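Q:
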Amino acid sequence: MQETIHILQKEFDNLNPEQKRAALHTTGPALVLAGAGSGKTKVVAVRIGCLIHQGVASHQILGLTFTNKAANEMKERVHKLVGENVVVSTFHSLGAKILREAIHYLGYAKDFSIYDEDDVEKLLRALSKELFGQDAKVDLKRARSLISQAKNGLPGDSEEDLKKLYELYRKKMKEFNAVDFDDLLFLPVELFREVPDALAYYQTRWPYILVDEYQDTNQTQYEFVRLLAGSSQNLFVVGDPDQSIYSWRGASIRNILNFENDYPGAKLIYLEQNYRSTCTILNASNAVIEKNSNRYEKSLWSSGEEGEKIQIFQAMSEREEAAFVARKIEKLKREGQSLTSFVVFYRTNFQSRVFEDELVAKQIPYTIVGGTSFYQRREIKDILSYLRLVQSPTDHVAFLRIVNLPKRGLGEQFISKVAQAASENQIPIGSIDTLPFPLTPRQKEGWSCFRGAINKLHEIKATNSLANLVRAAIHETNYLVFIDQEEETKSERRENLAELIVKAEEWSDTHEGGQLSQFLEEIALVTSTDVLNPNEERLSLMTAHNSKGLEFDTVFLVGLEEDLFPHINSKKSEELIEEERRLFYVGLTRAKKQLYLSFASLRHIYGRLMPMRQSRFLQEIPHEYKKVCR
DNA sequence: TTTGCACGGGTTTTT
DNA sequence: CCCGTGCAAA
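Using my numbering, read the first sequence as starting at 15 and increasing by one per residue.
What follows is the structure, given as C-alpha cells:
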C-alpha cells in the first residue's frame with residue numbers, strides 16, 4: 015500500500031500544472047481538451063489513482079473507450095499506479111454487458127446473438143426479397159445506412175419502401191433474438207428511458223464515469239453517457255476536436271463543443287504541450303490542421319528537439335512505393351531499430367496488398383491490423399455459425415448460412431418451407447426436427463445429416479470443452495472434405511480452422527467456467543487493434559483510422575495522392591475534405607521521431623493502371639519541414 | 001430444384 | 001481484382 019501511494023505520488027509530481035489540475039478533479043463534470051501527444055492517457059490514469067486514493071471504491075469507477083486495446087491499457091496503468099482494478103470497457107462491450115443483464119425488460123432473451131455487418135447484410139437481402147419479391151430494386155446500402163442512422167439518432171432516408179424494410183428488420187431481429195452493433199448502444203438507451211429502476215441501478219453502480227475520445231461519440235453514445243452520469247454528473251471526458259474522424263459513423267464534435275451547456279459548471283482543462291513528436295513533425299502538423307476553417311483554435315507546442323526533416327518520396331508505381339518502404343525498414347532495422355518502432359499507414363485497406371507482397375519477399379515479419387479480420391473469414395464464420403445456432407436456436411441468419419453447407423441438396427425452396435413450418439408451429443428454426451411436408455430422398459438424406467450434426471453438437475456442448483465443440487463442428491459436418499473440394503491447392507483455410515481450435519483452447523484456459531455465449535460475444539466485439547502485441551518483433555500496417563491513439567518512432571504514411579487521400583468520395587463537400595485533413599493530421603501526429611510521406615504517379619485501381627497526382631495535403635506542409643528523398 | 005459457370009458492377013474509413 | 005447475381009444444364 016505504502017509503495018503504491020509512492021508510485022502515484024511520483025507520477026503526479028511529474029505532471030505539468032494543467033495536467034495536475036485535471037488529475038485532481040474529483041466530483042462534477044470536466045472536459046479535458048487534450049491535443050495529440052499531450053499525455054492524456056497518463057493524466058486519466060493518475061486521476062483515477064487519485065480518486066481511489068481519496069477513498070472512492072474502485073468498482074464505482076467506469077472508464078469508456080472505443081477499442082479494447084485502449085481499455086486494457088488504461089486498466090493496466092491504473093493497476094500499476096494503485097494496485098486496483100477498475101472497470102474499463104468499450105462502449106459496445108458495456109452495452110452488451112448491460113443487455114445480458116437486463117434485455118428481458120425489452121422483450122428479448124439473454125442469450126441473444128450479436129450480428130456483424132455481414133449477418134445484417136444477409137438478413138436485409140432476404141427480407142427485401144420477402145417484402146418486394148425477387149427482382150426487388152431496393153438499394154441495400156441505403157437501407158443499411160437508414161437503419162444505422164435511425165439507431166444513432168440521425169435523420170435518415172424517408173423513402174416508403176426503405177421504412178417498411180426497416181420496420182420488418184427490427185421485428186425480425188427481435189424474433190430471431192439478435193442485436194446488431196448499433197443495438198448494443200441503442201437498446202440500453204431505450205432500456206434506461208423505459209425502465210427507470212434499471213437506470214437508477216446502473217447510475218448507482220457507477221457514480222464516476224470517464225470517457226476517452228469524446229470527439230468520436232455519436233448521438234446515441236452521448237445519450238448513453240448522459241443517462242448514466244445521471245444526477246451526480248461526475249463525468250470526466252477527454253477529447254480533441256482536431257482528431258474527430260468518425261463523422262461518417264454519426265460522431266459529432268457538437269458533443270464536445272456543447273459540453274459546457276449540457277453540463278453546467280463543467281471544469282475546462284486544456285492540455286497543449288506535446289511530449290511525443292519532434293518540433294519539425296509538430297509544426298508541420300499544426301500548419302496542416304490550421305487549413306481547416308471549421309475549427310476551434312488551439313496550438314500545440316513542444317519543448318523537444320527540432321528533429322529530422324520529413325522525407326517525401328515520389329514513386330513510379332505502388333509497387334515501387336512498397337519496395338521503397340520495405341528497403342528503408344530493412345536498412346533501419348540493420349542499424350538496430352526494432353520492427354515495432356515502425357508503422358505503415360494507408361487510407362484504404364486494399365493498399366495493403368502490395369506491401370504484403372514486398373514484405374514477404376524481403377522476409378520482414380508483419381501484421382495487418384484491421385481489414386478482413388480472422389473472425390470474418392468465410393470458413394471461420396461458417397463454423398462459428400454452427401456454434402451460434404447451438405447457442406441460440408432462434409438465430410435465423412446462422413441457420414441460413416449453414417443449413418446447406420457443406421452442400422446437402424437443401425436449396426432455397428426447401429429452406430423457405432422449413433422456415434414457414436418453424437414459424438407456424440412456434441418452434442425455433444434451429445430446433446425443428448421432423449418436417450410436416452414431404453421430402454425427396456436427397457433432401458431426406460441431407461436433412462437428417464444436418465440434424466444429426468446439430469444434435470451431436472448439443473450433446474458435446476453439454477459434456478465437453480469448448481475446443482472439443484469447435485473440433486466437433488468441423489468434423490461432424492465434414493467441413494474439411496468440403497473445403498478440399500472447393501479449392502484443392504490452398505491449405506490456408508484448413509490452417510485457419512486449426513487456429514480457431516487453438517484459440518478456443520486458449521480461451522478455455524484463461525476463462526475458467528466460461529460459457530459458449532461469452533466466447534461468441536468476445537469474438538463479436540474484438541477490435542482491430544487487439545492483435546497488436548509490442549513484444550512481437552513485427553511491423554504493423556493499418557489504415558489511418560486505426561492509428562488513432564497509437565504512437566511510433568517512425569511513421570510511413572503512403573498513397574498520398576489526390577482521390578485516394580483525400581478520398582474521391584470526400585470531394586462532395588468542404589466538410590468532408592476537412593475530415594480527411596483531420597485524418598491526415600492524426601496520421602502525422604502518431605510519429606515521434608521520423609516521418610516518411612510517399613505517393614505513386616501510377617497506381618492500379620480496379621486492376622486498371624491510373625495516373626495519379628500528389629495529394630494537396632503534401633503541399634500544405636511548409637517547405638522548411640520537408641525534404642525530397644530518393 | 002439444385003448446382004455450376006459467365007458476366008457485370010462496385011470499393012473509404014469501423015465498433 | 002473479388003464478390004454476388006443471373007442464367008442454363010443435371
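The beta-carbon is built from N, C-alpha and C at its ideal position, and this holds for glycine as well. Since the model is a prediction, treat every value here as computed from it, not as a measurement.
(1) Which same chain residues end up closer than 7 Å to A59 when comparing Cβ atoms and leaving out the 5 residues on each side of it in sequence?
(2) Who are the Cβ neighbours of M15 in its own chain at under 6 Å, not counting the five residues just before and after it?
(3) Are there three or more Cβ pairs, one per stretch, closer than 8 Å when the region 566-578 is compared with the region 434-453?
(4) Which residues does DSSP list as the beta-bridge partners of V404?
(5) Per DSSP, what kind of secondary structure is N232 in: helix, strand or coil?
(6) Comparing alpha-carbon positions, which option in D27, G318 and I303 lies nearest K312?
(7) Check whether the region 404-421 and the region 157-175 are in contact - that is, three or more C-beta pairs closer than 8 Å.
(8) Based on Cα-Cα distance, which residue from N30, E131, T55 and L120 lies nearest to L539?
(9) Give me the Cα-Cα distance between L364 and A71, rounded to the nearest whole angstrom.
(10) Using a 10 Å radius around the Cβ and a threshold of 16 neighbouring Cβ atoms, would you call P580 buried or exposed?
(11) What residue does the beta strand (DSSP E) around F327 start on, and which one ends it?
(12) So for G621, helix, strand or coil by DSSP?
(13) Out of T40, L213 and Q633, state which residue places its alpha-carbon closest to the alpha-carbon of Y119.
(14) Please return the same chain residues whose Cβ sits closer than 7 Å to the Cβ of S355, not counting the five positions on each side in sequence.
(15) Would you identify the three-state DSSP class for K188, choosing helix, strand or coil?
(16) In terms of residues, what are the limits of the beta strand (DSSP E) holding A48?
(17) Touching or not, the region 607-619 and the region 275-282, by the rule of three or more beta carbon pairs under 8 Å?
(18) What do you get for K499, buried or exposed, if any count of 16 or more other CB atoms within 10 angstroms of its CB means buried?
(19) Compute the distance between the beta-carbons of L113 and F126, then report whether it is under 8 Å.
(20) How long is the line joining the alpha carbons of N191 and T408, rounded to whole angstroms?
(21) Pairs of beta-carbons, one from the region 75-84 and one from the region 210-225, closer than 8 Å: are there three or more?
(22) Can you tell me whether R627 is buried or exposed, with buried defined as 16 or more other CB within 10 angstroms of its CB?
(23) Straight-line CA distance for V432 to L449?
(24) For S531 and N482, what's the separation of their Cα atoms in angstroms?
(25) Helix, strand or coil for S615 per DSSP?
(26) Indicate the three-state DSSP secondary structure (helix, strand or coil) for V58 in the structure shown.
(27) Cα separation between P169 and N300?
(28) From the DSSP output, read off the bridge partner residues of L609.
(29) From S291 to G63, what does the alpha carbon distance come to, in whole angstroms?
(30) In its own chain, which residues sit with a C-beta less than 7 Å from the C-beta of N232, not counting the 5 before and 5 after it?
(31) For N86, collect the residues of the same chain with a Cβ closer than 8 Å to its Cβ; drop the 5 residues on either side in sequence, then sort them by chain order.
(32) Could you give the residue range of the alpha helix (DSSP H) that holds Y215?
(33) What do you reckon, are the CB atoms on Q457 and F428 nearer than 8 Å?
(34) Rounded to a whole number of angstroms, what is the C-alpha to C-alpha distance between Q351 and F369?
(35) With a threshold of 16 other CB atoms inside 10 Å of the CB of E174, please say whether the residue is buried or exposed.
A: Considering the structure as presented:
(1) Annotation for A59: M88, R91, V92 and L95 place their beta carbon closer than 7 Å to its own, counting only its chain and skipping 5 residues before and after.
(2) The predicted model places M15 with a pLDDT of 49, which falls under 50 and marks its position as unreliable; any figure quoted below should be read in that light. The answer is none, since no qualifying residue turns up.
(3) no
(4) Under DSSP, no beta-bridge partner is assigned to V404.
(5) strand
(6) I303
(7) no
(8) E131
(9) Sequence inspection shows Phe at residue 364; the Leu mentioned does not correspond to that position. Taking the straight line from one Cα to the other gives about 47 Å.
(10) buried
(11) I324 to S331
(12) coil
(13) Of the listed residues, the one whose Cα sits closest to Y119 is L213.
(14) F566, D567 and T568
(15) In the structure shown, K188 sits in a helix (DSSP, three-state: H, G or I).
(16) A44 to A48
(17) no
(18) A quick correction: the sequence has Gln, not Lys, at residue 499. By the 10 Å Cβ count, Q499 comes out exposed.
(19) yes
(20) 6 Å
(21) Yes, they touch.
(22) Per the 10 Å Cβ criterion, exposed.
(23) 7 Å
(24) Our two residues, S531 and N482, have alpha carbons roughly 15 Å apart in a direct line.
(25) strand
(26) Residue state, collapsed to three classes: helix.
(27) 34 Å
(28) Looking at the DSSP assignment, L609 forms a beta bridge with V569.
(29) If you take the alpha carbons of S291 and G63, they lie about 27 Å apart.
(30) N166, R263, G264, A265 and S266
(31) V102
(32) P210 to R219
(33) yes
(34) Approximately 20 Å, taken between the alpha carbons.
(35) Its Cβ having fewer than 16 others within 10 Å, E174 is exposed.
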